[in-house]
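Below is one structure; the comments refer to it alone.
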Amino acid sequence: MPDSERPVVGVVVLTQGRRPADLTRALASLSWQQEVETDVLVVGNGWQPTGLPTWTRGLTLRENVGIPAGRNAGVPQVAGDLLLFLDDDATLPDPHFLAAAARRFAADDRLGVLQPRVDVLGGGVAPRRWTPRLRAADRHRSSPAFSVWEGALVVRRSAFESAGGWPAPFFYAHEGIELAWRVWDAGFSVWYAGDLAAEHPLTSQTRHVDYLRLNARNRVWLARRNLPWVCGIPYVLSWTALQVVRSARNPAALSSWSRGWLEGWRVPAGPRRPLRWATVRRMTRHGRPPVL
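By full-length UniProt numbering, the letter at position 10 of the sequence shown is numbered 10, and the numbering carries on one by one without gaps.
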C-alpha cells in the first residue's frame with residue numbers, strides 16, 4: 001500500500017523514565033507495526049526523554065502532572081485521525097495490531113475507542129480488572145465497554161476531543177471510566193476487542209503509594225462530574241459498601257480509602273457535565289447501569 005494511503009496513527013507513550021528496558025521494548029513493538037504510518041511521541045512526565053530512536057520525538061514535562069494530564073499533553077503534538085495511548089511497560093506483540101485496529105475504525109464511523117485484550121507479558125493469568133465488563137470469564141469475547149484499561153488504547157481523535165480528553169484532575173485511577181462514559185455520551189461507542197492483544201507485566205495496583213486514596217477520591221469525582229444525582233448517589237454508596245466489605249480484615253486500607261472518600265466531597269472535582277439520559281439508558285441496555 002502506498003505511504004500516502006496508509007492510515008496515520010498518532011502515538012503517545014507516557015513515561016517517567018524509570019523503566020528504560022520496558023520503554024525500549026514498548027518502542028520496539030511500535031517500530032515493527034506494518035501497513036500504517038506512526039507519529040510517535042514519548043512524553044516524559046517529570047523527565048527529559050533521552051536516548052530515543054531517531055524515528056520518535058520527545059516532550060518534556062518539567063514535573064509529574066499525573067497520568068491523564070500527561071497523556072493529554074501529547075495529543076496536540078502528534079498527527080493522525082487515530083491515537084494510540086501506550087504505557088511504557090505495555091507492548092503490541094502483533095505487527096499488524098494497528099492496521100487491524102485502523103480497519104475497524106474505517107468500517108464503523110461511530111467507533112470511538114477500542115481496547116484490546118491484555119495478556120500477561122511472559123505468560124500467566126491476567127487480572128480481572130484488565131477486562132472491562134462485569135462478566136469477564138471469557139477474555140477472548142468482544143463486547144461493548146463502559147470502562148477501559150488505559151495502558152494500550154486506540155481512540156478516534158474526534159471522539160477523544162468530543163469527550164474532553166482524559167480527566168486531568170484525576171492524576172491516577174479511574175480515568176478510563178470517565179473517558180469511556182464521555183465517549184458514549186458524545187455519540188460514539190467503546191469496544192473491547194477480545195481478538196486483538198496487547199501485553200503488560202503482571203503488576204499490583206497497590207504498588208502506587210496513593211492508590212487507595214485516589215481510588216476513593218476519584219470514585220466520588222466520577223459521580224460529581226458525570227452522573228445525574230439519581231444515579232450518582234447510588235453509585236458512590238454501592239462502591240463504598242463494596243470497599244467496606246473488602247477491607248473488613250484490613251482497617252489500615254479502609255482508613256486510607258476513607259480519607260480519599262472525604263477528599264472527593266471536599267475538594268473541587270472540576271466541571272460537572274452529567275451524562276444524558278439517553279446515555280444512561282444505553283449503558284443500562286448493555287448491562288452496566290451507572291449505579292454499579
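Here a beta-carbon is modelled for each residue, glycine too, at the ideal position from N, C-alpha and C.
Check, Outcome
"Proximal residues to Thr284 (C-beta, below 7 Å), its chain only, five neighbours per side dropped", "none"
"Cα-Cα separation, Leu292 to Ser147", "12 Å"
"Which residues DSSP lists as bridging Phe105, in chain order", "Phe105 is not bridged to any residue."
"Inter-residue spacing [alpha-carbon to alpha-carbon] between Ala223 and Gly51", "42 Å"
"Helix, strand or coil at Arg156 according to DSSP, with G and I counted as helix", "strand"
"Within the stretch 12-43, ranges of the alpha helix (DSSP H) (whole runs, at least 4 residues)", "20-31"
"Exposure label - Leu242; buried when at least 16 CB within 10 Å", "exposed"
"Helix, strand or coil at Pro68 according to DSSP, with G and I counted as helix", "helix"
"Trp191 - containing beta strand (DSSP E), residue span", "189-200"
"Other residues of its chain near Asn215: CB distance less than 6 Å, five sequence neighbours each side excluded", "Ala173"
"Straight-line gap, Trp184 to Arg282 (C-alpha atoms, nearest Å)", "9 Å"
"Closest residue to Gly164 among Ala152, Leu23, Arg273 (Cα-Cα distance)", "Arg273"
"CB contact flag (Val220, Val236, <8 Å)", "yes"
"Beta carbon proximity, Gln77 to chain B, threshold 8 Å", "Absence of chain B from the displayed structure is noted, only one protein chain being present."
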